[in-house]
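Note that the protein sequences, when read in sequence, are chains A and B. Residue numbering for the first sequence follows my numbering, beginning at 10 and increasing consecutively. Residue numbering for the second sequence follows my numbering, beginning at 38 and increasing consecutively. No residue lacks a Cβ here, since even glycine has one placed at the ideal position from N, Cα and C. Have a look at the structure below before the remarks.
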Amino acid sequence: ETGVTQSPTHLIKTRGQQVTLRCSSQSGHNTVSWYQQALGQGPQFIFQYYREEENGRGNFPPRFSGLQFPNYSSELNVNALELDDSALYLCASSLARTYEQYFGPGTRLTVT
Amino acid sequence: AQTVTQSQPEMSVQEAETVTLSCTYDTSENNYYLFWYKQPPSRQMILVIRQEAYKQQNATENRFSVNFQKAAKSFSLKISDSQLGDTAMYFCAFMKVSGYALNFGKGTSLLVTP
């Protein structure tokens, strides 16, 4: 059974740029959730995708957007990067209507 | 909105000893799920234990057990026979039964010393 994977591991961007982060869900999982974890904080929910549609969204601006593909992998896109976007971005996959979310190792984004 | 509070930013325990991490939460929901997640320095978040609010029996997973007090909205994690590999950040999290988002506390950094 393949676990959740994320790419890239680390990323450095400049303020105002755009970034795309990628996530492959665990085998058999059709739901992907994204979280932002600032340094020293707990993860904050960004949004969730189920069957290629956004299923729920946290308190994040529209410049945070996502996609889910037919193979259930997912992308997180952030436009107009701000310094406060520097964080660890975690992807978690799950079976729809179940509560167990399995996390990937994360992507560390640094905005300078 | 649901809030999760972990009042112990850092804790330390000696190997083989027992330690308890505290968590309180605030919700108007009657049915929900509670979780403890572990995030080692390698940073991959791992589910340690889960509790369904409708179950009165406290969950147990090997050396990990919880003390779930629904009326007090308290959900503590007890780690018995602590091991060096238990060193990590521990996050308490809440999810509504009808929900999809995990609400996390700020975490407790646990250090297990020889």
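Fewer than three pairs of CB atoms, one per stretch, sit closer than 8 angstroms, so the stretch 93-113 of chain A makes no contact with the stretch 111-123 of chain B.
For D118 of chain B, the three-state secondary structure derived from DSSP is coil. In the pairwise beta carbon analysis, the stretch 67-84 of chain A is classified as touching the stretch 29-47 of chain A: at least three pairs are separated by under 8 angstroms. Just measuring C-alpha positions, the residue of A:T18, A:A89, A:L97 and A:Q77 sitting nearest G25 of chain A is A:A89.
The secondary-structure analysis by DSSP pairs H38 of chain A with nothing; it has no beta-bridge partner. Residue nearest to K75 of chain B within the set A:Q110, A:R66, A:P70 and A:L92 is A:Q110 (criterion: CA-CA distance). Proximity of R80 of chain B to chain A, defined by a Cβ-Cβ separation below 8 angstroms, is satisfied. When C-beta distances to chain B are compared with 7 angstroms, the residues of the stretch 64-82 of chain A below that value are N64, G65 and G67, in chain order. Neighbours of K143 of chain B across chain A, judged by C-beta separation under 9 angstroms: G49, Q50 and G51. If only complete runs of 3 or more residues are kept, the stretch 59-104 of chain A shows the beta strand (DSSP E) at 62-66, 73-77, 83-87 and 96-103, in order along the chain. T42 of chain B and A47 of chain A have their C-alpha atoms spaced approximately 17 angstroms apart. Among the CB atoms of chain B, one or more fall inside 8 angstroms of the CB of L99 of chain A. Between Y69 of chain B and F112 of chain B, the CB-CB gap reaches or exceeds 8 angstroms. At a cut-off of 8 angstroms between C-beta atoms, M48 of chain B does not count as an interface residue with respect to chain A. Residue A:Y108 holds the alpha-carbon nearest to the alpha-carbon of W73 of chain B among A:G115, A:T121, A:T40 and A:Y108.
When the beta-carbon positions are compared, M48 of chain B and T145 of chain B come within less than 8 angstroms of each other.
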